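*Asks:* Using this note's numbering, the first residue of the sequence shown is number 847, and each one after it goes up by one.
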Amino acid sequence: MEDLEKLRILVPHWIEHNAEHAAEFRAWGRRAGGTARALIETAADQLEAANRSLEEALKALGGPIEGRSSETA
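1. Can you list, in chain order, the residues of its chain with a C-beta nearer than 8 angstroms to that of A878? Leave out the 5 residues immediately preceding and following it.
2. Which of the three DSSP states, helix, strand or coil, is assigned to P858?
3. Could you spell out where the alpha helix (DSSP H) holding I886 opens and where it closes?
4. In terms of alpha-carbon separation, which member of L893, L853, E848 lies closest to A906?
Shown next as structure tokens:
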């Protein structure tokens, strides 16, 4: 498998993984409260910003390859 094809499989996985982490960060941030909450929220925002960049990269690569999972990459 070529690297670009592999990336078209991996990037959607990374996006999903980051989204899961961002949601988890937000949940734990609510528990932390105060300054820690704000900092954890910032980390979640940064993951979401990273996902926007990854989504643009995926478009530039030609989009995801349907029917393939990252386990087969």
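Built from N, CA and C at the ideal position, the CB exists for glycine as well. Remember, predicted model here, so these are calculated numbers, not experimental data.
*Replies:* Per the coordinate set shown:
1. I886
2. helix
3. 880 to 907
4. L853
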